[in-house]
Amino acid sequence: MTPLSHIRNFSIVAHIDHGKSTLADRLIQMTDTVAERDMKEQLLDAMDIERERGITIKANTVRIDYTAENGEQYVLNLIDTPGHVDFAYEVSRSMRAVEGSLLVVDSTQGVEAQTLANVYQAIEADHELIPVLNKIDLPASDLDRVAEQIEDVIGIDASGAIPVSAKTGQGIRETLEAIVHHLPAPTGDASAPLKAMLVDSKYDPYLGVVVLVRIMDGVMKKGDKIRMMQTGATYGIDRIGVFRPEMTVVDELGPGEIGFITASIKQVRDTRVGDTITHEKRPCETPLPGFKPSVPVVFCGLFPVDSAEFESLRDAIEKLALNDASFSFEMESSAALGFGFRCGFLGLLHLEVIRDRIEREYDIDLITTAPSVVYHVYMKDGSMQELHNPADMPDLTYVDHVEEPRIKATILVPDEYLGDVLKLCQDRRGIQMDLTYAGARAMVVYDLPLNEVVFDFYDRLKSVTKGYASFDYEITGYRQDNLVKMQVLVNDEPVDALSMMVHRDRAEMRGRAMCEKLKELIPRHMFKIPIQAAIGGKVIARETLSAMRKDVTAKCYGGDVTRKKKLLEKQKAGKKKMRQFGKVEIPQQAFISALKMDE
Numbered sequence: 001m002t003p004l005s006h007i008r009n010f011s012i013v014a015h016i017d018h019g020k021s022t023l024a025d026r027l028i029q030m031t032d033t034v035a036e037r038d039m040k041e042q043l044l045d046a047m048d049i050e051r052e053r054g055i056t057i058k059a060n061t062v063r064i065d066y067t068a069e070n071g072e073q074y075v076l077n078l079i080d081t082p083g084h085v086d087f088a089y090e091v092s093r094s095m096r097a098v099e100g101s102l103l104v105v106d107s108t109q110g111v112e113a114q115t116l117a118n119v120y121q122a123i124e125a126d127h128e129l130i131p132v133l134n135k136i137d138l139p140a141s142d143l144d145r146v147a148e149q150i151e152d153v154i155g156i157d158a159s160g161a162i163p164v165s166a167k168t169g170q171g172i173r174e175t176l177e178a179i180v181h182h183l184p185a186p187t188g189d190a191s192a193p194l195k196a197m198l199v200d201s202k203y204d205p206y207l208g209v210v211v212l213v214r215i216m217d218g219v220m221k222k223g224d225k226i227r228m229m230q231t232g233a234t235y236g237i238d239r240i241g242v243f244r245p246e247m248t249v250v251d252e253l254g255p256g257e258i259g260f261i262t263a264s265i266k267q268v269r270d271t272r273v274g275d276t277i278t279h280e281k282r283p284c285e286t287p288l289p290g291f292k293p294s295v296p297v298v299f300c301g302l303f304p305v306d307s308a309e310f311e312s313l314r315d316a317i318e319k320l321a322l323n324d325a326s327f328s329f330e331m332e333s334s335a336a337l338g339f340g341f342r343c344g345f346l347g348l349l350h351l352e353v354i355r356d357r358i359e360r361e362y363d364i365d366l367i368t369t370a371p372s373v374v375y376h377v378y379m380k381d382g383s384m385q386e387l388h389n390p391a392d393m394p395d396l397t398y399v400d401h402v403e404e405p406r407i408k409a410t411i412l413v414p415d416e417y418l419g420d421v422l423k424l425c426q427d428r429r430g431i432q433m434d435l436t437y438a439g440a441r442a443m444v445v446y447d448l449p450l451n452e453v454v455f456d457f458y459d460r461l462k463s464v465t466k467g468y469a470s471f472d473y474e475i476t477g478y479r480q481d482n483l484v485k486m487q488v489l490v491n492d493e494p495v496d497a498l499s500m501m502v503h504r505d506r507a508e509m510r511g512r513a514m515c516e517k518l519k520e521l522i523p524r525h526m527f528k529i530p531i532q533a534a535i536g537g538k539v540i541a542r543e544t545l546s547a548m549r550k551d552v553t554a555k556c557y558g559g560d561v562t563r564k565k566k567l568l569e570k571q572k573a574g575k576k577k578m579r580q581f582g583k584v585e586i587p588q589q590a591f592i593s594a595l596k597m598d599e
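Here is the structure:
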């Protein structure tokens with residue numbers, strides 16, 4: 001067992017693309033943790049989708065043995081965390097398992113919105129921070145300006161910031177020395193009863209559930225009987241080990257160490273993230289504080305294109321939920337799309353990643369309905385319902401008012417694009433709360449409705465600022481607003497999958513755009529089809545799709561005009577009857593395109 005004074009636990013935090021995973025690669029390579037032939041780019045990003053998009057989705061951990069310049073042996077436990085706002089939950093969990101962080105800032109771009117968000121999480125977890133200025137091999141790198149920015153914007157001392165190039169390996173040795181000398185060693189008592197934190201869990205088809213643990217007090221050995229304090233379940237440990245990225249079995253884990261256990265656990269649901277693990281016979285007195293459970297922010301329906309694949313979709317979703325504590329789902333059915341699931345996500349990127357994983361790993365074609373957020377509907381009798389799907393909106397005569405979730409958005413943007421950003425936020429019913437400057441960049445804080453953000457706010461923000469803005473948000477609470485449910489009627493039949501909640505002032509515009517779009521997407525039938533948008537019983541927009549006609553008068557030549565009229569009247573009566581009984585087939589492609597409305 002390694003003495004506590006020679007263990008260092010740290011995570012790497014940064015904005016997207018500032019070089020976290022590359023820095024982790026260099027630290028692993030410099031300490032010969034992985035043989036040279038097994039080394040590859042982004043070593044810790046194991047999922048295909050992570051490698052393809054070049055992003056980190058799951059926080060990954062690795063144990064590194066390092067011999068310092070003074071000749072002493074140290075054990076370093078590194079956790080590489082995601083940078084995107086949708087995976088902030090992964091970051092906050094990883095922070096609790098370690099004592100310090102490397103704060104990586106791109107020396108060409110400076111401090112960005114997510115840098116701030118992640119730093120605040122580190123400070124909340126009482127971390128010691130080491131600033132690292134990455135990408136110094138690039139000609140645009142400006143160390144003094146960025147160090148000054150770190151001091152101005154974040155307010156931590158950057159005089160000892162380490163200049164590094166994670167690509168060439170320059171400054172890596174200094175980083176390792178700083179970790180050993182500046183970060184605090186963990187605390188813990190090996191003789192106390194076992195107290196370990198469950199940091200993460202993932203499903204392995206051969207071993208069952210693999211649980212990532214951080215030992216606070218006590219010692220964990222193979223064969224121990226353990227108890228989960230939240231669920232009360234007991235298990236016997238089958239194997240215990242550490243990640244050097246691949247799993248390596250060890251005899252025991254002591255205080256301050258991070259490793260994994262497997263205990264024939266069948267379902268990841270039985271392992272609650274943030275739970276405390278202790279010995280069954282000699283339990284610890286009080287559990288660790290744990291984490292706040294993650295709250296889904298965006299909901300959308302996932303339906304299989306081929307309804308026969310429903311069972312395989314259920315399997316796929318259940319397996320993904322095993323690995324992802326922040327993803328929730330329940331069954332739902334829709335008249336237009338058949339059976340499917342209503343799923344909750346932490347944001348749109350999270351939604352995209354889950355959808356891609358289902359399509360790729362399980363080979364199922366999916367339709368996703370419009371993303372929506374959770375509304376609070378207050379009834380006249382004083383009760384409150386949570387509304388996940390606009391189609392379930394109760395009758396307006398019983399509704400007193402509707403509240404929608406609001407967020408506090410922080411946007412960092414270069415000066416010349418500030419006007420466009422303010423206009424975009426104003427268009428989305430935002431309320432400006434703050435505007436400050438850090439050098440040549442403005443930091444805008446807005447109170448925005450989440451409903452307006454989930455559709456395509458991020459894409460629009462990137463396009464009006466040519467990709468230079470960075471954006472981060474947190475949910476602040478609910479507020480009442482004048483919201484109504486807009487229905488779409490095709491041939492007088494409501495289409496559930498297209499109903500949405502909109503603000504009354506903007507309903508007419510949204511309704512008209514929706515009808516025009518559907519008119520292009522629905523193929524023509526033998527009869528006339530009205531497409532309407534309605535709020536309650538009032539139609540606010542209408543388009544008519546004209547019918548295809550057969551030339552019934554072709555065989556009439558010469559003679560009285562009444563012969564033609566008679567044939568046309570007969571055709572007209574037939575069309576009328578047809579429209580009454582005809583079913584309008586809306587192709588699936590039309591649903592998907594209609595939901596991507598603002599493009």
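Numbering (the UniProt record's numbering), first residue to last: 1 to 599. Built from N, CA and C at the ideal position, the CB exists for glycine as well.
Residue i versus residue j - alpha carbon distance
{"i": "S5", "j": "E252", "result": "18 Å"}
{"i": "T562", "j": "D496", "result": "45 Å"}
{"i": "F10", "j": "K20", "result": "13 Å"}
{"i": "S141", "j": "K167", "result": "14 Å"}
{"i": "F310", "j": "N491", "result": "29 Å"}
{"i": "V377", "j": "A513", "result": "27 Å"}
{"i": "D65", "j": "M220", "result": "21 Å"}
{"i": "A370", "j": "L448", "result": "19 Å"}
{"i": "A161", "j": "H401", "result": "53 Å"}
{"i": "I28", "j": "H182", "result": "19 Å"}
{"i": "I12", "j": "R214", "result": "17 Å"}
{"i": "E332", "j": "L521", "result": "26 Å"}
{"i": "H15", "j": "I529", "result": "50 Å"}
{"i": "D189", "j": "S94", "result": "22 Å"}
{"i": "L103", "j": "G155", "result": "13 Å"}
Three-state class that DSSP yields for residue i in the structure shown
{"i": "R524", "result": "coil"}
{"i": "M486", "result": "strand"}
{"i": "Y417", "result": "helix"}
{"i": "residue 629", "result": "The shown model of the chain, from 1 to 599, leaves out residue 629, and the question about it has no answer."}
{"i": "S333", "result": "strand"}
{"i": "V539", "result": "strand"}
{"i": "E252", "result": "strand"}
{"i": "D472", "result": "strand"}
{"i": "N70", "result": "coil"}
{"i": "D45", "result": "Residue placement at D45 is poorly supported in this model, since its pLDDT is 49, which falls under 50; the coordinates are not used for a value here."}
{"i": "A370", "result": "coil"}
{"i": "K423", "result": "helix"}
{"i": "H15", "result": "coil"}
{"i": "M578", "result": "helix"}
Endpoints, the beta strand (DSSP E) within which residue i is located
{"i": "M384", "result": "384-387"}
{"i": "S21", "result": "Element bounds for S21: not the beta strand (DSSP E) but the alpha helix (DSSP H), 20-30."}
{"i": "I277", "result": "276-279"}
{"i": "A178", "result": "First-last for A178: 172-182, but that is the alpha helix (DSSP H), not the beta strand (DSSP E)."}
{"i": "Y557", "result": "Unbroken run through Y557: none, as it is neither H nor E."}
{"i": "A438", "result": "431-438"}
{"i": "M228", "result": "225-228"}
Residues of its chain near residue i, where Cβ-Cβ distance is below 7 Å and the 5 sequence neighbours each way are ignored
{"i": "G536", "result": "L396"}
{"i": "L138", "result": "T108"}
{"i": "G236", "result": "G223, K225, A263"}
{"i": "K550", "result": "none"}
Nonlocal neighbours in the same chain, by C-beta distance under 8 Å from residue i, ignoring five residues either side
{"i": "E516", "result": "E543"}
{"i": "M548", "result": "R524, H525, M526"}
{"i": "Y398", "result": "M379, K380, D381"}
{"i": "E359", "result": "D365, L366"}
Same chain only: Cβ atoms within 6 Å of residue i, ignoring 5 sequence neighbours per side
{"i": "A192", "result": "D217, G218"}
{"i": "A440", "result": "D415"}
{"i": "T2", "result": "V75"}
{"i": "D200", "result": "L212"}
{"i": "Q73", "result": "T67"}
{"i": "Q170", "result": "none"}
{"i": "S92", "result": "Q121"}
Terminal residues of the alpha helix (DSSP H) in which residue i lies
{"i": "L348", "result": "348-361"}
{"i": "V502", "result": "It is not in any alpha helix (DSSP H) - V502 instead sits in the beta strand (DSSP E) that spans 500-503."}
| task | Only counting runs of 3 or more residues, tell me where the beta strand (DSSP E) segments fall wholly within the region 102-153, in order along the chain. | result | List check, beta strand (DSSP E) in window: 128-134.
| field | Runs of beta strand (DSSP E) wholly within the region 187-212 (minimum 3 residues, chain order) | value | You should have 195-204.
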